[in-house]
Structures are given as structure tokens and as C-alpha cells.
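First residue of the sequence shown? That's 377 in our numbering, and the numbers climb one at a time after it.
Comments concern the structure below.
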Amino acid sequence: MKYWKAGWACVLAVLVALPLACGGGGGESQQPPAGLVIVPLTPTGQVTPRPRKTAAPSPTPTASPLKVCATNPDPASPKLLQVGQPLPEQQVKIPFYVSGWGSNIGFQDTGVALSVVDAKQTVLQSLDLPPQPREFRVAPPGLEITDFTRPFGADIVVNNVKEPTPYCLWVYQETTETGQPKGVVQVPVLVLP
Numbered sequence: 377m378k379y380w381k382a383g384w385a386c387v388l389a390v391l392v393a394l395p396l397a398c399g400g401g402g403g404e405s406q407q408p409p410a411g412l413v414i415v416p417l418t419p420t421g422q423v424t425p426r427p428r429k430t431a432a433p434s435p436t437p438t439a440s441p442l443k444v445c446a447t448n449p450d451p452a453s454p455k456l457l458q459v460g461q462p463l464p465e466q467q468v469k470i471p472f473y474v475s476g477w478g479s480n481i482g483f484q485d486t487g488v489a490l491s492v493v494d495a496k497q498t499v500l501q502s503l504d505l506p507p508q509p510r511e512f513r514v515a516p517p518g519l520e521i522t523d524f525t526r527p528f529g530a531d532i533v534v535n536n537v538k539e540p541t542p543y544c545l546w547v548y549q550e551t552t553e554t555g556q557p558k559g560v561v562q563v564p565v566l567v568l569p
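The structure is reproduced here in C-alpha cells:
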């Protein structure tokens, strides 16, 4: 009788431990941890190792090679002005497309201004970009939506580019009385000839 109780205790322990060892018995298949080797037995009793894929290490972030934009004098809130393209540090070919959204740029059709600035912080050109129609377009997340929310966009041509050259794009809605841009979004780009 003593051995009988011990035998049932072992069977009970195995029945409790088996579902926990196989993933909890919850019906979900769980993957073994990365690098774990599963060794199933073949019908002949020989061991056949099956290695599992391990996750590739993520690349280490590198420092930005484009240091063309100086300190932003008056950063715009992403709730008011966003540039969708080009992305920061993107390589673009002439002509390249600049687009985005402004929360209030449709008020009196003010639009936005775009300045192309070189590495010496010299403004090479400035353009006025009018607002575009909003119908059938979706504003980006985080933008404050008003009755005057509109997209903007234009093809940009930079003259005399003979080799890959970094530029800083400044997009803004207004300037101070002295002509300094207010509410600026800066986008560094590498312009290819």
C-alpha cells in the first residue's frame, strides 16, 4: 500500500508537470526561446538535433552624416505643421517633391514658405507654396484638424548641383517683422545631380 501511494503521487506529479512543460496546456503553441535546440527522438531511438533560428541582432544606430541644418530658431509644433516628404536625410534627385500638412494654412490661403539652405546657412531660394484641396486626403496623425487644415506640395529644383550636396529645407508659415522664420520644420536632405 505504501508503494501504491508513492506510485500515484509520481503519476499525479507527471500529469501536473507535463502541461506546464508543454506550454501550459492553453492551446497556444509557444516557440522555444531563441538559440534553444530541440532534440526529438526518431523511431529508431536515435537523436536528431534540429536547431531553431535565432533572432538577428538589430543594427546599431549610427550618427547622422548630414549636419547641414543649424539649430532651429523656432521649431514648429507637430500639431500645427508637418512635412511628410522628403524624409529627414533622404537622398533626392532633382526635381524632388516636398509635401506636408498645415493645421491652419488654408486660412486666407496663406500656405507655407519653403527655403532651401546650404551648409553655410545661406538661403539659396525661397518659395511660397499655396494650400491644396483637402478633399479625399487624410491628414497625418498628431495634426490638429481645423476648418483650415490643408496639405501643401511642390516640385523643387536646385540649380548647379554637380555632385551629391546636402541642403536643409525650412518649411514655415510666417516670419517676424525682421524677416526671421517662425514655426519652422527643418528637413536635411542630400540632393543628387
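For glycine and all other residues, C-beta sits at the position ideal for the given N, C-alpha and C.
As the structure is a computational prediction, the values presented were derived from the model and not from experiment.
With distances taken between CB atoms, is the gap from residue i to residue j smaller than 8 Å?
| i | j | result |
| --- | --- | --- |
| Val563 | Val444 | no |
| Ala361 | Thr522 | For residue 361 there is no data in the structure shown, the boundaries of the chain being 377 and 569. |
| Tyr588 | Val537 | Absent from the model: residue 588. The displayed extent of the chain is 377 to 569, so no value can be given. |
| Lys455 | Leu500 | no |
| Cys544 | Val474 | no |
| Asp649 | Pro557 | The chain is shown only over 377 to 569; residue 649 falls outside these bounds and no answer can be derived. |
| Leu568 | Gln497 | no |
Measuring alpha carbon to alpha carbon, tell me which of the options ends up nearest residue i.
| i | options | result |
| --- | --- | --- |
| Leu503 | Asp450, Trp546 and Gln484 | Trp546 |
| Lys469 | Asp485, Lys455 and Val533 | Val533 |
| Ala495 | Gly478, Pro542 and Asn480 | Pro542 |
| Leu506 | Asn480, Pro517, Arg513 and Thr498 | Note that residue 506 is Pro in the sequence shown here, rather than Leu. Of the listed residues, the one whose Cα sits closest to Pro506 is Asn480. |
| Leu457 | Gln466, Glu539, Pro569 and Pro517 | Pro517 |
| Asp531 | Phe512, Pro462, Glu511 and Thr551 | Pro462 |
| Glu625 | Asn535, Val565, Arg510 and Gly487 | Outside the displayed range of the chain (377 to 569) lies residue 625, so it cannot be described from this structure. |
| Leu566 | Thr554, Ala446, Thr447 and Pro464 | Pro464 |
| Gly476 | Asn535, Thr552, Glu553 and Pro509 | Pro509 |
Count the other CB atoms, across all protein chains shown, that sit within 10 Å of the CB of residue i; report buried if there are 16 or more and exposed otherwise.
| i | result |
| --- | --- |
| Phe472 | buried |
| Phe528 | buried |
| Ala452 | buried |
| Gly478 | buried |
| Gly401 | Any reading at Gly401 needs caution, since the residue's pLDDT is 49, under 50, leaving its predicted position unreliable; the model's value is listed next. Classification of Gly401: exposed, given that the 10 Å Cβ count is below 16. |
| Pro540 | exposed |
| Leu490 | buried |
| Gly482 | buried |
| Gly555 | exposed |
| Ala432 | Residue placement at Ala432 is flagged as unreliable, the pLDDT there being 46, under the threshold of 50; a coordinate-derived value is accordingly withheld. |
Just to confirm, does residue i get its C-beta within under 7 Å of one of the non-hydrogen atoms of the ligand HEM?
| i | result |
| --- | --- |
| Cys544 | As presented, the structure is devoid of all ligands, the ligand HEM included, so that no description of it is given. |
**Message:** I'd like the ranges of any beta strand (DSSP E) spanning at least 3 consecutive residues and lying wholly in the segment 470 to 525.
**Reply:** 472 to 478, 488 to 493 and 499 to 505
**Request:** At 3 residues or longer, and completely inside the segment 539 to 566: list those beta strand (DSSP E) runs for me, N to C.
**Result:** 541 to 548
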